[in-house]
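Below is one structure, written out as structure tokens; comments come after it.
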Ligand SMILES: CC(C)(COP(=O)(O)OP(=O)(O)OC[C@H]1O[C@@H](n2cnc3c(N)ncnc32)[C@H](O)[C@@H]1OP(=O)(O)O)[C@@H](O)C(=O)NCCC(=O)NCCS
């Protein structure tokens with residue numbers, strides 16, 4: 086872990102200082118984060134976008150950004166790492182999200198950490214927080230769909246105990262899954 090973190094007194098909110106001095110705030114996604122998500126998306130490389138969204142995407146449309154920022158807290162979770170700067174300048178450097186599937190007790194996660202703040206341990210930090218959320222929701226499994234050539238994500242998931250299975254429907258996808266061994270209460 087190449088950062089320090091301080092709890093800010095609100096659920097999921099922490100101040101993070103990377104070893105190179107960059108300062109970030111971890112907090113839940115807000116419904117008005119759409120425009121910031123759009124500005125932040127512009128910084129991503131096509132390869133990062135392909136790995137996260139599984140297909141090329143040139144920009145986030147306002148409607149799609151709004152959808153990504155709208156979280157139904159009963160069944161969804163999204164945490165962002167935002168630069169510790171005035172709101173009009175601050176970009177979102179990383180996002181981790183998960184959604185419980187309808188009629189299921191499992192959730193799918195997705196994560197992206199921008200190159201400026203990659204390899205500090207933040208991907209692991211975010212995925213651990215998603216696991217914490219999934220355990221609190223008493224889900225039986227957390228899983229993610231990962232492109233078969235995404236070595237970074239496959240290595241990260243492996244280090245956190247995820248196992249792999251082939252996707253039944255998509256041949257270029259590997260599913261990484263973590264059994265949580267908890268049944269949801271009625
Ligand atoms: C995959 C991703 C989330 C990793 O984020 P990160 O903050 O750099 O990850 P961490 O610093 O926590 O790395 C944890 C471990 O993952 C592995 N890892 C991370 N990046 C790696 C890379 N580029 N190459 C090989 N292994 C890598 C390493 O084992 C690493 O541990 P180490 O640094 O001690 O060697 C980030 O590269 C990313 O957002 N990629 C594009 C989007 C994506 O692939 N999303 C996944 C879709 S679900």
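In this note's numbering, the protein residues as written are 86 to 271. Don't be surprised by glycine CBs; every beta carbon is placed ideally from N, CA and C.
Boundaries (first-last residue) of the alpha helix (DSSP H) holding residue 230: First-last for residue 230: 226 to 232, but that is the beta strand (DSSP E), not the alpha helix (DSSP H).
Let me check you understand the geometry: is the CB of residue 197 closer than 7 angstroms to at least one non-hydrogen atom of ligand 1? yes
Coil, strand or helix - residue 221 by DSSP: helix
Kindly indicate which residue of 200, 133 and 132 has the alpha-carbon position closest to the one of residue 107. 200
Option in 191, 173, 258 and 219 with minimal Cα separation from residue 118
173
task = Find the nearest neighbour of residue 154 within the set 121, 266, 197 and 138, judged by alpha-carbon distance.
result = 121
Practice item. Mark residue 138 as exposed unless 16 or more other C-beta atoms lie within 10 angstroms of its C-beta, in which case mark it buried. Key: exposed
Original post:
Among residues of its own chain, excluding the 5 on either side of residue 183, which ones have a beta-carbon nearer than 6 angstroms to its beta-carbon?
Top reply: 162, 192, 194 and 215
- Message: Going by beta-carbon coordinates alone, are residue 233 and residue 258 separated by less than 8 angstroms?
- Response: yes
- request: Identify every residue that forms a DSSP beta bridge with residue 108.
  value: 102
Practice problem: Report yes if the CB atom of residue 206 is closer than 8 angstroms to the CB atom of residue 126, and no otherwise. | Solution: no
Between which two residues does the alpha helix (DSSP H) holding residue 120 run? 119 to 126
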